[in-house]
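**Student:** After the structure tokens below, expect a handful of questions from me.
Number of protein chains: 2
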Amino acid sequence: MPQTSFSIDTLHQKVARIFLNAGLSPQQAQPVARVITAGERDGCKSHGVYRVDGCLRTLRAGKVQPLAQPALADDGGGVIRVDADGGFSPAAFELGAPVLVERAKTLGVAALVINNCTHFSALWPEIEVLTDAGLAAMAMCPSYSSVAPSGGNAALLGTNPFAFGWPRPDNPPYVFDFATSVVARGEIELHRQAGKPLPEGWAVDVEGNPTTDPEAALAGAMLPFGAHKGSAISTMIELLAGAMIGDLTSDEALAYLGTTSILPHHGELILAFSPERFSAGRPGDPFARADALIDAIVGQGARLPSQRRFAARKASVRDGIVLSEAEVALLDRLETAGAQDG
Amino acid sequence: MPQTSFSIDTLHQKVARIFLNAGLSPQQAQPVARVITAGERDGCKSHGVYRVDGCLRTLRAGKVQPLAQPALADDGGGVIRVDADGGFSPAAFELGAPVLVERAKTLGVAALVINNCTHFSALWPEIEVLTDAGLAAMAMCPSYSSVAPSGGNAALLGTNPFAFGWPRPDNPPYVFDFATSVVARGEIELHRQAGKPLPEGWAVDVEGNPTTDPEAALAGAMLPFGAHKGSAISTMIELLAGAMIGDLTSDEALAYLGTTSILPHHGELILAFSPERFSAGRPGDPFARADALIDAIVGQGARLPSQRRFAARKASVRDGIVLSEAEVALLDRLETAGAQDG
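Protein chains in written order, with my numbering: chain A, 13 to 354; chain B, 13 to 354.
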């Protein structure tokens, strides 16, 4: 299969041009391009250039504001708020992150609330900004109703991602970032496209009965991971990163959009913790003790989350990001189309 | 089966006398008795009077300090710390909770760290103190190594409980509290006692192979709930509520005790969130919007976590707490034994 290799910066510039040509302000386009390029760099195809088209469709549907100007509200307490002004989340996050870092280092724990945004990225790009600053971090957000609560029969919860990171001075951070559904919705789409039945336990049909038919699953609802425990965590995410922060739950987000074919609009909650502050006065170095635990996990042959991603990143930094001819052709077409529209 | 009914207060006094007779200070005995009585009141037999004996064994083993005097450290920031002084956790929590509540209301988010404690209770008694104060809350702690990480083959992680609560003005709070292992260790003990095989997926033997033999499972390791996702959450708990707070991980807790037959010694992390602060300036009432979500879950026939517990509580408040003759005889014996030792 013919391929083209891009440096990280070249791909970033290309993706940013697409969004600039489509009418986004530089303040919106650059952070969106950074997050998409990071996804492609880390081998996360579902969060890489594949996302460009969905972003543009959401823009054409009028459900994201290309010239949004995120605004920071900070009363000096533990909660920093950024109103994304109806734009994409990455610009809002980049505005709030430095304040979150400063506040977590001052108070020990702090929270960043992002409101009123279109959120399409994974959560690890945000988590890693915080681990790079030496903080532990937790992030979560709703999406739109596609998951039935455990014991229920209809889509209500979102795939509600939950992410966590721990900084490691001499290693990539410990990072996980996963949907609280058994699988991401994209996995079911892939089974449908391939004409393959789903494994048991992924989904229910519109009647609430277990199904292995991808079409029936997409019409019905996915199931949470870990049965009632995963369902409870997904519900926690709706409550904390929806109701508590005064932003849409997955059910409300679906009502607002009327479709799951464009990107969801809601808020996000990010917590940051200073290990120095939390361990102050206690024996031992928290980073060394964490490393001992992580080494013991790896030592029994278990894999750490994100290891595949960090390996892909290393290869991308060394060899560039490799795209297929089809992907390049798509990016070229989107770049030109946006310029012609604009 | 002959039974005796106790009022909540009468049972509390009886349990407290056992601990006072065993040499605990009132500052230690009363909070321990409160937590154990609350477990029995809520029909949580595994956290009710059943726990008294384990507490006393840990005391006799010299692994918990009967006269511990918890000490609060508060620098006015977001992290409040209580050193439990080697005592039971409930006294430490009761000392820190009012400060945590005040701080979460002032800053929006705050954390209570408990260090150097013997922890035997469920996490919901602590969560409900915070939801009763109108706060959302999250709590977690390590235990001692009995769970293999997903893909691993030996006990390293603890059963690491994770709990969350959301306050509901006109209803009992939304509360979950579960082990991040597939099941609690006690479930495997019960299968062993009953001579019944375990369901698939609960445990591995000492070689790391899946097993349904309870004996082999107890010698080997339990598995996390939700495969790699639950394993990642359990690891997060080790990192945040072990390494970060400068207290023992499950591996270190087991090394310290040398046995899983007495209660674990470690720390705990509790986060509290003010919904008023997090939703300030945003449209809608967070409590009403949360209720709509929770009603929708119940409306599809799904059960909320803790509902069985709240129903048991209601019955206990109305009819008293009913204990079997064997339980009463045990409590009588422990009460007298402690008095004779003392």
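For each residue, glycine too, the CB sits at the ideal point set by N, CA and C.
Computed from a prediction, not measured in an experiment: that's the story for all the values here.
1) Judging by CA-CA distance, which residue of B:Lys117, B:Ser157, B:Val125, B:Ser162 is the nearest neighbour of Ala145 of chain B?
2) By alpha-carbon positions, which one of A:Ala284, A:Val94, A:Gly164 ends up nearest to Pro179 of chain A?
3) Between the Cα of Tyr186 of chain A and those of A:Thr348, A:Ala196, A:Glu339, A:Asp303, spot the shortest distance and give me the residue it belongs to.
4) Closer than 6 Å by C-beta to Ser17 of chain A: which residues in its own chain qualify, once you throw out the five before and the five after it? Chain order, please.
5) Tell me, please, whether the CB atom of Asp259 of chain B is closer than 9 Å to any CB atom in chain A?
6) Quick one: residues in its chain with C-beta nearer than 7 Å to the C-beta of Ser328 of chain B, no 5 flanking neighbours on either side, listed in chain order?
7) Please return the same chain residues whose Cβ sits closer than 7 Å to the Cβ of Phe190 of chain A, not counting the five positions on each side in sequence.
8) If you check the beta carbons only, do Gly51 of chain A and Ala123 of chain A fall under 9 Å apart?
9) Using 9 Å as the threshold, is the C-beta distance between Gly207 of chain B and Asp217 of chain B below it?
10) What do you get for Leu269 of chain B, buried or exposed, if any count of 16 or more other CB atoms within 10 angstroms of its CB means buried?
11) Looking at chain A, which residues of the region 157 to 169 of chain B have a Cβ within less than 8 Å of any of its Cβ atoms?
12) Where does Glu280 of chain B land, buried or exposed, given buried means 16+ other C-beta within 10 angstroms?
13) Evaluate contact between the region 86 to 93 of chain B and the region 240 to 250 of chain B, counting only Cβ atoms and requiring at least three cross-stretch pairs below 8 Å.
14) Given 8 Å as the limit, is there contact between the region 147 to 156 of chain B and the region 313 to 330 of chain B, that is, 3 or more CB pairs closer than that?
15) Answer yes or no: does any C-beta atom of chain B fall closer than 9 Å to that of Ser328 of chain A?
16) Would you list the one or two residues that DSSP bridges to Asn127 of chain A?
17) Mapping DSSP to helix, strand and coil, what is Ser262 of chain A?
18) According to DSSP, simplified to helix, strand and coil, what is Ile139 of chain B?
19) Under three-state DSSP, which class holds Thr16 of chain B?
20) Just to check my reading of the structure: Val64 of chain A and Leu316 of chain A have Cβ atoms closer than 8 Å, yes? What is that Cβ distance to the nearest angstrom?
21) For Glu212 of chain A, is the classification buried or exposed, using 16 other Cβ atoms within 10 angstroms of its Cβ as the cut-off for buried?
22) Any beta-carbon of chain B closer than 9 Å to the one on Val121 of chain A?
23) Thinking just about the alpha-carbon of each residue, which of B:Gly60, B:Ser58, B:Pro78, B:His59 is nearest to the one in Pro38 of chain B?
24) Quick check: Met256 of chain B and Pro287 of chain A, are their CB atoms within less than 9 Å of each other?
25) DSSP three-state label for Glu219 of chain B, please.
26) Buried or exposed: where does Ala28 of chain A fall if 16 or more other Cβ atoms within 10 Å of its Cβ makes it buried?
27) Any C-beta of chain A sitting closer than 9 Å to the C-beta of Tyr268 of chain B?
28) Quick check: the Cα distance between Leu168 of chain A and Val159 of chain A, rounded to an integer number of angstroms?
29) In three-state DSSP terms, what is Val64 of chain B?
30) How far does the beta strand (DSSP E) with Ala284 of chain B in it reach, from first residue to last?
31) Is Ser336 of chain B buried or exposed, if buried means 16 or more other CB atoms sit within 10 Å of its CB?
32) Counting only beta-carbon atoms, is Met248 of chain A nearer than 9 Å to chain B?
33) In the structure shown, what three-state DSSP assignment does Gly177 of chain A receive?
34) Thinking just about the alpha-carbon of each residue, which of A:Pro236, A:Gln42, A:Glu219 is nearest to the one in Leu23 of chain A?
35) Grab me the residues of Arg289 of chain A's own chain with a C-beta within less than 7 Å of its C-beta, minus the 5 sequence neighbours each way, in chain order.
36) So, helix, strand or coil for Phe299 of chain A, using DSSP?
**Tutor:** Concretely, from the data shown:
1) B:Lys117
2) Relative to the Cα of Pro179 of chain A, the nearest Cα in the group A:Ala284, A:Val94, A:Gly164 belongs to A:Ala284.
3) A:Asp303
4) If we look at Ser17 of chain A and ignore the five residues flanking it on each side, its Cβ neighbours are Gly332, Val334.
5) yes
6) By the criterion of a C-beta distance shorter than 7 Å, Ser328 of chain B is surrounded in its chain by Ile20, Arg53, once the five residues flanking it on both sides are discounted.
7) Pro173, Phe174
8) Going by C-beta atoms, Gly51 of chain A is not nearer than 9 Å to Ala123 of chain A.
9) no
10) buried
11) Ala160, Pro161, Ser162, Gly163, Gly164, Asn165, Ala166, Leu168
12) buried
13) no
14) No: the two stretches stay apart, fewer than three of their Cβ pairs being nearer than 8 Å.
15) no
16) A:Asp95
17) Correct three-state label for Ser262 of chain A: helix.
18) helix
19) strand
20) Going by Cβ atoms, the distance from Val64 of chain A to Leu316 of chain A rounds to 30 Å, so no, they are not a contact pair.
21) exposed
22) yes
23) B:Pro78
24) Remark: C-beta atoms of Met256 of chain B and Pro287 of chain A approach each other more closely than 9 Å.
25) coil
26) buried
27) no
28) 6 Å
29) Three-state DSSP puts Val64 of chain B in a helix.
30) 277 to 285
31) Taking every protein chain shown into account, the CB of Ser336 of chain B has fewer than 16 other CB atoms within 10 angstroms, so this residue is exposed.
32) yes
33) strand
34) A:Gln42
35) Gly120
36) helix
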